[in-house]
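Down below is the structure, laid out as structure tokens.
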Amino acid sequence: NNNNNNGAFSSSYPRAGENRFRRVLTPTIIAEGTPLRIYPHPRRFPSCGSVTKESLIHEDTTFVIVDKPAMLPTQPDASNYWECCPGCVNDVLGPFYTIDGESVARPLLCHRVDSCVAGCVVMSKDGNGQKVFSELQRERKIKKLYLTLTTEPVPLGRHVHWMWGAANKRGSSAGPPCQLVSHAPPSSMKSKGSWIRCVLEVASCTPVTVPASDIYDPSSNRRHYQSTIRLVTGRKHQVRAQLASLGCPIVNDSLYEPLAGLTLDILDQEGKEEELDEAVGRAHVPKKPIGLQAAGILFGGIKARASAPWWHG
């Protein structure tokens, strides 16, 4: 395996008795007959070049917080270990050192932010920092602030919706790539265990003027709204899915725009299942930055804020 950024070459093999492949990063002796996945033409992420010294928001003895550019994945793609948030940050801003002065091979992710979303990403210099961050998340002691851009006003206040639990599990490949939500709570305690509660609070929603750019060309006869949202629970695609279900899909979000105003609740209505299936069929992963930014994060006395979102020009 080439251990450099230029080739971004990657290969992997499964451990004995496992279906998941193990990434090969160093010279390794592999038993004869072991299946290999080799990516001579890896998926590339040009946004890696947008990481600069100014991307660093905060650094202390444990944590590193950066302003991630949109279209850069937080986790490495199967074919490209290097062009992701930890890899690019380490190349541009590193090397980093622990409190004991030891060099960090590569900072560790503490949470995820979708590739098409820009903003604050927290990484740790060691496993202990990851553990502390995870504990704070479980105890709801981390405050996350998001900014959104929509063409419909988002209703103010607290919104509680429900996601099907199986579709929200890590590594789940079953069902559509988008997350469908229900506005009605589970009908019984027995079924409640199959659902995940999603909570966010819309603190403000104000009209904004959006300049035309390579990312987005606003229609002259459409209004745009910027909302400030506090995430209470952290679920996969939560802000995107909840806003779409409210009829306020995020700008450029081709994965959720077809689902505007649709929820799992309509399945109880005759003929609505086909409508939902057709909408899911039109959904596809965004190829441009969407109108969502992880604008700020507060935990353990640390406060970080991202730069202005792309729609500010």
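Using our numbering, the final residue of the sequence shown is 314, and nothing's skipped along the way. No residue lacks a Cβ here, since even glycine has one placed at the ideal position from N, Cα and C.
Check the DSSP bridge columns for residue i and list the partner residues they point to.
i: residue 57; result: 67
i: residue 158; result: 203
i: residue 305; result: 298
i: residue 211; result: None; residue 211 has no bridge partner.
i: residue 229; result: 148 and 205
i: residue 280; result: Answer is none; residue 280 lacks a bridge partner.
i: residue 117; result: Looking at the DSSP assignment, residue 117 forms no beta bridge with any residue, so it has no partner.
i: residue 195; result: None, per the DSSP bridge assignment.
i: residue 124; result: 65 and 110
With H, G and I counted as helix, E and B as strand and the rest as coil, what does DSSP make of residue i?
i: residue 108; result: coil
i: residue 180; result: coil
i: residue 163; result: strand
i: residue 273; result: helix
i: residue 85; result: coil
i: residue 95; result: coil
i: residue 49; result: helix
i: residue 241; result: helix
i: residue 78; result: strand
Report the rounded CA-to-CA distance for residue i versus residue j, giving the unit in angstroms.
i: residue 79; j: residue 177; result: 20 Å
i: residue 146; j: residue 296; result: 6 Å
i: residue 158; j: residue 183; result: 18 Å
i: residue 29; j: residue 23; result: 12 Å
i: residue 113; j: residue 67; result: 13 Å
i: residue 154; j: residue 126; result: 40 Å
i: residue 136; j: residue 304; result: 18 Å
i: residue 164; j: residue 244; result: 13 Å
i: residue 151; j: residue 49; result: 27 Å
i: residue 40; j: residue 25; result: 12 Å
Could you confirm whether any beta carbon from chain C is found closer than 8 Å to the beta carbon of residue i?
i: residue 22; result: Note that chain C does not occur in the displayed structure, where there is just one protein chain.
Within a Cβ cutoff of 7 Å, which residues of the same chain sit near residue i, ignoring the five residues on either side of it in sequence?
i: residue 156; result: 203 and 247
i: residue 5; result: Note on residue 5: pLDDT 45, under 50, position unreliable in the model; no value is reported.
i: residue 104; result: 96 and 98
i: residue 120; result: 68, 69, 114, 294, 295, 296 and 307
Any idea if residue i is buried or exposed, counting beta-carbon neighbours within 10 angstroms, 16 or more meaning buried?
i: residue 241; result: buried
i: residue 252; result: buried
i: residue 131; result: buried
i: residue 309; result: exposed
i: residue 81; result: buried
i: residue 283; result: exposed
i: residue 129; result: exposed
Sorted by chain position, which residues of the same chain lie with C-beta nearer than 6 Å to residue i's C-beta, five sequence neighbours on each side aside?
i: residue 281; result: 177
i: residue 216; result: 289, 290 and 311
i: residue 94; result: 57
i: residue 209; result: 225 and 227
i: residue 77; result: 85
Given residue i, which residues of its chain have a CB within under 8 Å of its CB, disregarding the five upstream and five downstream residues?
i: residue 268; result: 274 and 277
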